[in-house]
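Colleague:
2 protein chains.
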Amino acid sequence: MKLLRNNLLEAFVAVVECGGFTDAQYALGITQSAISCRIRDLELALGYRVCERGRGGFCLTERGQIAYKKARDVLRSVRDFDAELMDLRGTITGELRIGMVDTVNGLPGFPLVSAIRRFLNRENDVRLEVSVASPTDLTQSLISGNVHVAIAPFRNKVSELEYTEICTEDHMLYCSSDHPLFHADSREITPDILTRYPICQRSYDKIVPPKLITLAPQAVVANMEAMAMLIESGCYLGALPVHFGQKWIESGQFRALDHPDLRWTSAFSLAVRKSQARRRAVELFLNDIMAVAHKAA
Amino acid sequence: MKLLRNNLLEAFVAVVECGGFTDAQYALGITQSAISCRIRDLELALGYRVCERGRGGFCLTERGQIAYKKARDVLRSVRDFDAELMDLRGTITGELRIGMVDTVNGLPGFPLVSAIRRFLNRENDVRLEVSVASPTDLTQSLISGNVHVAIAPFRNKVSELEYTEICTEDHMLYCSSDHPLFHADSREITPDILTRYPICQRSYDKIVPPKLITLAPQAVVANMEAMAMLIESGCYLGALPVHFGQKWIESGQFRALDHPDLRWTSAFSLAVRKSQARRRAVELFLNDIMAVAHKAA
DNA sequence: ATCCTTACATGCGGTAAATTCATGTAAGGT
DNA sequence: ACCTTACATGAATTTACCGCATGTAAGGAT
Numbered sequence: 005m006k007l008l009r010n011n012l013l014e015a016f017v018a019v020v021e022c023g024g025f026t027d028a029q030y031a032l033g034i035t036q037s038a039i040s041c042r043i044r045d046l047e048l049a050l051g052y053r054v055c056e057r058g059r060g061g062f063c064l065t066e067r068g069q070i071a072y073k074k075a076r077d078v079l080r081s082v083r084d085f086d087a088e089l090m091d092l093r094g095t096i097t098g099e100l101r102i103g104m105v106d107t108v109n110g111l112p113g114f115p116l117v118s119a120i121r122r123f124l125n126r127e128n129d130v131r132l133e134v135s136v137a138s139p140t141d142l143t144q145s146l147i148s149g150n151v152h153v154a155i156a157p158f159r160n161k162v163s164e165l166e167y168t169e170i171c172t173e174d175h176m177l178y179c180s181s182d183h184p185l186f187h188a189d190s191r192e193i194t195p196d197i198l199t200r201y202p203i204c205q206r207s208y209d210k211i212v213p214p215k216l217i218t219l220a221p222q223a224v225v226a227n228m229e230a231m232a233m234l235i236e237s238g239c240y241l242g243a244l245p246v247h248f249g250q251k252w253i254e255s256g257q258f259r260a261l262d263h264p265d266l267r268w269t270s271a272f273s274l275a276v277r278k279s280q281a282r283r284r285a286v287e288l289f290l291n292d293i294m295a296v297a298h299k300a301a
Numbered sequence: 005m006k007l008l009r010n011n012l013l014e015a016f017v018a019v020v021e022c023g024g025f026t027d028a029q030y031a032l033g034i035t036q037s038a039i040s041c042r043i044r045d046l047e048l049a050l051g052y053r054v055c056e057r058g059r060g061g062f063c064l065t066e067r068g069q070i071a072y073k074k075a076r077d078v079l080r081s082v083r084d085f086d087a088e089l090m091d092l093r094g095t096i097t098g099e100l101r102i103g104m105v106d107t108v109n110g111l112p113g114f115p116l117v118s119a120i121r122r123f124l125n126r127e128n129d130v131r132l133e134v135s136v137a138s139p140t141d142l143t144q145s146l147i148s149g150n151v152h153v154a155i156a157p158f159r160n161k162v163s164e165l166e167y168t169e170i171c172t173e174d175h176m177l178y179c180s181s182d183h184p185l186f187h188a189d190s191r192e193i194t195p196d197i198l199t200r201y202p203i204c205q206r207s208y209d210k211i212v213p214p215k216l217i218t219l220a221p222q223a224v225v226a227n228m229e230a231m232a233m234l235i236e237s238g239c240y241l242g243a244l245p246v247h248f249g250q251k252w253i254e255s256g257q258f259r260a261l262d263h264p265d266l267r268w269t270s271a272f273s274l275a276v277r278k279s280q281a282r283r284r285a286v287e288l289f290l291n292d293i294m295a296v297a298h299k300a301a
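Order-wise, the sequence lines are chains A and B. Quick note on the working numbering: the first sequence kicks off at 5 and runs consecutively. Quick note on the working numbering: the second sequence kicks off at 5 and runs consecutively.
Rendered as structure tokens:
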């Protein structure tokens, strides 16, 4: 079902996301000429050009970029609106947009995949959409409605959202076999190594308190895979979730720099928007999350 | 222009607001049969009946009531979306929905009509929509986007909104010529009259602190006109804004119970939603308000 | 009880909008 | 110079939507 629809906007968003008319015709299931008409009509209605196109390539105009963001968001919220009206029928429909930080899968004490399986095994007609982003971005996405639920170690909690702690994640410092500390005596592993060797930090969620670090320049990464890469290079120390660093430990590539003061724990929370008629699909997924989280605890 | 449109939802909302198909055909500018089709198709798409109709009268089903509220709200926000895209063209379009408490007009030091005139004298294509409600309702309407700006004496301010004080309003206690206090000696006018005569309060914004009042039953009104009526009855004392009570004073119908402790002042604020891409029309209107407020001060 | 009126439903036909198909055009590559 | 790519355009066609005429069901008047 599609109550609030608009061909022009849908075409516009599809064209932007496909990077041109030609590919968008498959995404939309209409011919290229129809898309050409739609974009022309959209620009006629708006009174300004939204994109440059032709053999020279496809690109959005300045206004087009703003219009695209607004259009994408409004189409999202319109899909949610449709789903809300379908909820009244009792069926579970619409999109379920889940946001999370990376390496949530494998989090000890929180089998997310079980929750997802549990959710999908129910009779449903829901399209899942999973995005990975930083806690800060996830907060924004929750507020704007771009995601319905998010799982992350939220440090600064905002009043618009509702948080439920679901598990914790232990972090340790690692170095690779190429690093000077790899063969160091365990008595050398003290917090002051932080002042002697370059360390790599995650751009969001600074596990190692920055005030402990004196050495510049620091490397900054946006996700765990990148962190592992820089550690593998042998040039950096880096903190990883223990469950995530495990595989490098097992292969003998990394060494965990074990010291009581070089362990950190962050708390993972489930966040949703407060005070909002919640869709059935979202409600059920939250139940599923809590069910697996409790079972694991 | 109308980008995101939906005939079915528009018909539904119109039918509800007109209380039936017959009247809605004039509001929508289509025939009754077309409306019948639209509602049928809507119900077909939703999978449930939204209203009972026929000779027995028109009424929404339970689900229909929820669907109506959602549909009305989404159509509003969709109109705003259209206006946002038009903003990029540089034109001032869309709706400007202003909310206020009653008797804002005439507020000393705040010529609202000048602000409106100022706004409308600009080149524009804006449809105004003015609603009158209590500060509490206005707060809700602002958050949900049902109004863009609101003017009221806001007592409890919420973090989602941004308030700018624009003027103050003096209140005094009044009685009518039928009231025992009308001819009382001015020395008798002391705060303890509150404990001896019934008083009428506004349901929102209790001007006279309720703790000063001992006498039950109290009359409660939702707006100033009603307050004046009850005072006119001679059975109640009541607080009115001085600028509003003036005309009854001049006609000799009311007496102001003047005493230093029987005067109250409330501060009127302009409220808008925080952190939101603001439309040009809203921005300009805010400027106009501030301009007339400053000039008056 | 019958007829009338009100309020909505339905079938049919026309019109306007949207889409496809076929073709045109402009820019870059060979 | 020719081909290819990527989009534009025009005619034909399909589709959707609407109005008209008519049907139906229930309440009220005579």
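For glycine and all other residues, C-beta sits at the position ideal for the given N, C-alpha and C.
Just the C-alpha distance for I70/B and L64/B, rounded to the nearest angstrom, thanks.
Modeller: Near 9 Å, if we compare the C-alpha coordinates of L64/B and I70/B.
Colleague: According to DSSP, L244/A sits in a beta bridge with which residue or residues?
Modeller: L244/A is bridged to M176/A.
Colleague: Rounded to whole angstroms, how far is the Cβ of H175/B from the Cβ of V246/B, which I believe are closer than 8 Å?
Modeller: Confirmed, Cβ separation roughly 7 Å.
Colleague: State the DSSP-derived secondary structure class of C41/B, mapped to helix, strand or coil.
Modeller: Note: C41/B maps to helix in three-state DSSP.
Colleague: I'd like to know if the segment 264 to 279 of chain B and the segment 165 to 175 of chain B are in contact, where contact means that at least 3 CB-CB pairs between them fall below 8 Å.
Modeller: Counting Cβ pairs under 8 Å, three or more are found: they touch.
Colleague: Can you tell me the Cα-Cα spacing of E88/B and R283/B, whole angstroms?
Modeller: One C-alpha to the other measures close to 6 Å.
Colleague: Tell me, to the nearest whole angstrom, how far the beta carbon of V303/B is from that of P115/B; I am working on the premise that it is less than 8 Å.
Modeller: A query on residue 303/B cannot be resolved here, the shown segment of chain B reaching from 5 to 301 and no further.
Colleague: Since I155/A sits in a beta bridge, which residues does DSSP pair it with?
Modeller: The partner list for I155/A (beta bridge, DSSP) reads M104/A and L274/A.
Colleague: Exposed or buried, Y178/B, counting other C-beta atoms within 10 Å across all chains shown (16 or more means buried)?
Modeller: Y178/B should be labelled buried.
Colleague: Report yes if the CB atom of F186/B is closer than 8 Å to the CB atom of R267/B, and no otherwise.
Modeller: In this structure, R267/B does not lie closer than 8 Å to F186/B by Cβ.
Colleague: Ordered along the chain, which non-local residues of its own chain (more than five positions away) have a Cβ less than 6 Å from that of F123/A?
Modeller: Answer for F123/A: F289 and D292, listed in chain order.
Colleague: Answer with yes or no whether the minimum CB distance from E47/A to chain B is below 8 Å.
Modeller: So, not an interface residue.
Colleague: Check this for me: beta carbons of R159/B and P139/B, under 8 Å apart or not?
Modeller: Cβ atoms of R159/B and P139/B: closer than 8 Å.
Colleague: Relative to the C-alpha of L32/A, which candidate in E21/A, L216/A and A15/A has its C-alpha closest?
Modeller: Measuring from the Cα of L32/A, the nearest candidate turns out to be A15/A.
Colleague: For a contact defined as C-beta to C-beta under 7 Å, what are the partners of L146/A on chain B?
Modeller: Under the 7 Å cutoff, chain B gives no residues; its nearest Cβ is about 14 Å from L146/A.
Colleague: List in chain order: all unbroken alpha helix (DSSP H) runs of 4+ residues lying wholly within the segment 38 to 126 of chain A.
Modeller: Listed in chain order, they are 66 to 91 and 116 to 125.
Colleague: In the DSSP assignment, find the alpha helix (DSSP H) that holds L290/A and state where it starts and stops.
Modeller: Per DSSP, L290/A belongs to the alpha helix (DSSP H) from R284 to A300.
Colleague: Any idea if R126/A is buried or exposed, counting beta-carbon neighbours within 10 angstroms, 16 or more meaning buried?
Modeller: Its Cβ having fewer than 16 others within 10 Å, R126/A is exposed.
Colleague: Contact check, V130/B vs E173/B under 8 Å by CB: the rounded distance?
Modeller: 28 Å between Cβ atoms; not a contact.
Colleague: Following the continuous alpha helix (DSSP H) through C22/B, name the residue where it begins and the one where it ends.
Modeller: Here the alpha helix (DSSP H) through C22/B covers N11 to C22.
Colleague: Residue range of the alpha helix (DSSP H) that E229/B falls in?
Modeller: Note, E229/B: alpha helix (DSSP H), M228 to E236.
Colleague: Do you know offhand how far F85/A's Cα is from C171/A's?
Modeller: So the two alpha carbons sit approximately 32 Å from each other.
Colleague: Please state whether DSSP places E164/A in a helix, a strand or coil.
Modeller: DSSP places E164/A in coil when its eight states are reduced to three.
Colleague: Compare the C-beta of S163/B against all C-beta atoms of chain A and say whether one is closer than 8 Å.
Modeller: Judged by the 8 Å Cβ criterion, S163/B is in contact with chain A.
Colleague: Using a Cβ cut-off of 8 Å (strictly closer), state whether A71/A contacts chain B.
Modeller: With 8 Å as the cut-off, A71/A counts as an interface residue toward chain B.
Colleague: For L32/B and chain A, any beta-carbon pair shorter than 8 Å?
Modeller: Cβ-Cβ to chain A under 8 Å: no for L32/B.
Colleague: When you compare the CB positions of D265/B and I193/B, do they come within less than 8 Å of one another, or not?
Modeller: In this structure, I193/B does not lie closer than 8 Å to D265/B by Cβ.
Colleague: Buried or exposed, going by whether 16 or more other CB atoms sit within 10 Å of the CB of G61/A?
Modeller: By the neighbour-count rule (16 or more Cβ atoms within 10 Å), G61/A is not buried but exposed.
Colleague: Excluding the 5 residues flanking R226/B on each side, which residues of the same chain have their C-beta closer than 8 Å to its C-beta?
Modeller: First, the amino acid is wrong: residue 226/B is Ala here, not Arg. Correct list, in chain order: S138, R206, S207 and Y208.
Colleague: Grouping DSSP H, G and I as helix and E and B as strand, with all else coil, what is R191/B?
Modeller: R191/B falls in the helix class under three-state DSSP.
Colleague: Quick one: give me the first and last residue of the beta strand (DSSP E) that S207/A is part of.
Modeller: Where S207/A is concerned, there is no enclosing beta strand (DSSP E), given that its DSSP letter is neither H nor E.
Colleague: With a threshold of 8 Å on Cβ separation, who are the neighbours of D45/B within its own chain once the five nearest residues in sequence on each side are excluded?
Modeller: If we look at D45/B and ignore the five residues flanking it on each side, its Cβ neighbours are L12.
Colleague: What three-state label does DSSP hand I253/A in the structure shown?
Modeller: Three-state result, I253/A: helix.
Colleague: Sorted by chain position, which residues of the same chain lie with C-beta nearer than 7 Å to Q29/A's C-beta, five sequence neighbours on each side aside?
Modeller: Hits under 7 Å: T35, Q36 and I39.
Colleague: Report the neighbours of R284/A on chain B: residues whose CB is nearer than 8 Å to its CB, in chain order.
Modeller: The contacting residues do not exist; R284/A stays about 13 Å from chain B at best.
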